[in-house]
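Before any comments, here is the structure.
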Amino acid sequence: MGRAPCCDKANVKKGLWSPQEDAKLKSYIEQHGIGGSWISLPQKIGLRRCGKSCRLRWLNYLRPNLKHGEYSEEEDEIICRLYLAIGSRWSSIATQLPGRTDNDIKNYWNTRLKKKLLGKQQKHHRQARRDTAPRQEVTIQENGILPIDQLHLAWLTRMVKLQEAPARGMAEESSGTSTPEESMNWDEMIPFMHPDWAHGEQEIFTMQ
DNA sequence: AAAAGATGCAACCGCAAGGGA
DNA sequence: ATCCCTTGCGGTTGCATCTTT
Numbered sequence: 001m002g003r004a005p006c007c008d009k010a011n012v013k014k015g016l017w018s019p020q021e022d023a024k025l026k027s028y029i030e031q032h033g034i035g036g037s038w039i040s041l042p043q044k045i046g047l048r049r050c051g052k053s054c055r056l057r058w059l060n061y062l063r064p065n066l067k068h069g070e071y072s073e074e075e076d077e078i079i080c081r082l083y084l085a086i087g088s089r090w091s092s093i094a095t096q097l098p099g100r101t102d103n104d105i106k107n108y109w110n111t112r113l114k115k116k117l118l119g120k121q122q123k124h125h126r127q128a129r130r131d132t133a134p135r136q137e138v139t140i141q142e143n144g145i146l147p148i149d150q151l152h153l154a155w156l157t158r159m160v161k162l163q164e165a166p167a168r169g170m171a172e173e174s175s176g177t178s179t180p181e182e183s184m185n186w187d188e189m190i191p192f193m194h195p196d197w198a199h200g201e202q203e204i205f206t207m208q
């Protein structure tokens with residue numbers, strides 16, 4: 001006996017949403033709200049979609065006041081700091097970035113920001129960066145917060161440590177499936193980021 | 001110009017938590 | 001107390017587009 005499916009898979013459309021589907025979902029929710037439950041919503045409006053799919057589409061794309069497009073340096077910095085502090089709790093990170101969704105932030109981190117921090121730039125950028133990159137020097141701003149370059153440095157230092165001793169830190173993640181690169185000891189990283197964070201994330205961020 | 005590879009992002013999947021019956 | 005249903009979350013996948021060879 002498997003788990004009961006949330007919808008009739010055979011009659012449910014998958015894949016990208018059409019503009020017509022978007023319009024239906026958007027106009028219904030704007031007029032009536034979710035109107036009970038996500039599960040029953042697609043039937044009400046005649047969409048051959050799973051309720052979960054509708055929810056995701058609304059939250060990640062159709063919802064008002066969403067920001068699309070480039071992230072600012074400030075947003076980059078917030079994501080980096082929060083990721084280093086609390087790990088991949090994307091929904092919590094998203095609460096600190098109005099207009100951004102957890103899915104969006106997760107994608108941005110996985111596809112761009114992580115590479116940016118790890119310095120995995122495309123080949124043709126490497127030489128240019130080597131030629132122009134200033135020497136890293138550790139300086140702390142007046143407010144005690146490390147500038148983004150220092151975060152980068154802290155991150156890289158940790159990466160090197162893990163590569164030298166891959167076994168260390170592996171047991172820290174409960175999932176047991178993470179790579180050494182992802183198995184970071186956050187307590188060890190926190191003092192690098194913000195002095196106050198060492199006292200516990202709950203004091204700094206309001207978790208839902 | 002075309003094929004192969006890399007990248008970015010939307011969407012899916014499965015699990016866990018929460019709440020009501 | 002426990003069962004069932006719904007929601008929310010994070011990891012992963014699929015595919016369109018871009019870049020490189």
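Residues in the first sequence are numbered from 1 upward in steps of one, following full-length UniProt numbering. C-beta atoms are modelled at their ideal positions from N, C-alpha and C, and glycine is treated no differently.
| Query | Result |
| --- | --- |
| How about R48 and V12: do their beta carbons lie closer than 8 angstroms? | yes |
| Can you list, in chain order, the residues of its chain with a C-beta nearer than 8 angstroms to that of K24? Leave out the 5 residues immediately preceding and following it. | I45, G46 and L47 |
| Where does Y61 sit, in a helix, a strand or coil, going by DSSP? | helix |
| What do you reckon, are the CB atoms on R100 and K67 nearer than 8 angstroms? | yes |
| So what does DSSP say about W17, is it helix, strand or coil? | coil |
| Are the region 102 to 115 and the region 66 to 81 touching, with three or more C-beta to C-beta distances below 8 angstroms? | yes |
| Going by alpha carbons, who is nearest to R57 out of E73, Q96, I34 and E75? | I34 |
| In this structure, does DSSP put K67 in helix, strand or coil? | coil |
| Using 8 angstroms as the threshold, is the C-beta distance between G51 and C7 below it? | yes |
| How many whole angstroms separate the CB atoms of L59 and E75, which I take to be in contact at a CB cut-off of 8 angstroms? | With 8 angstroms as the limit, L59 and E75 do not qualify as a contact, their Cβ atoms being about 19 angstroms apart. |
| Span of the alpha helix (DSSP H) holding N107? | D102 to Y108 |
| Can you list, in chain order, the residues of its chain whose CB lies under 8 angstroms from that of C54, leaving out five sequence neighbours each side? | L25, W38, L41, P42 and L47 |
| Spatial neighbours of A171 within its chain, please: CB distance less than 7 angstroms, with the 5 preceding and 5 following residues excluded, ordered by chain position. | Its pLDDT being 35, under 50, A171 is placed unreliably by the model, and nothing is read from it. |
| Specify the secondary structure class of G51 as computed by DSSP and reduced to three states. | helix |
| Ordered along the chain, which non-local residues of its own chain (more than five positions away) have a Cβ less than 8 angstroms from that of D102? | W90, S91, I93 and A94 |
| Identify whether D41 lies in helix, strand or coil by the three-state DSSP scheme. | This sequence places Leu at residue 41; Asp is not what is there. Helix. |
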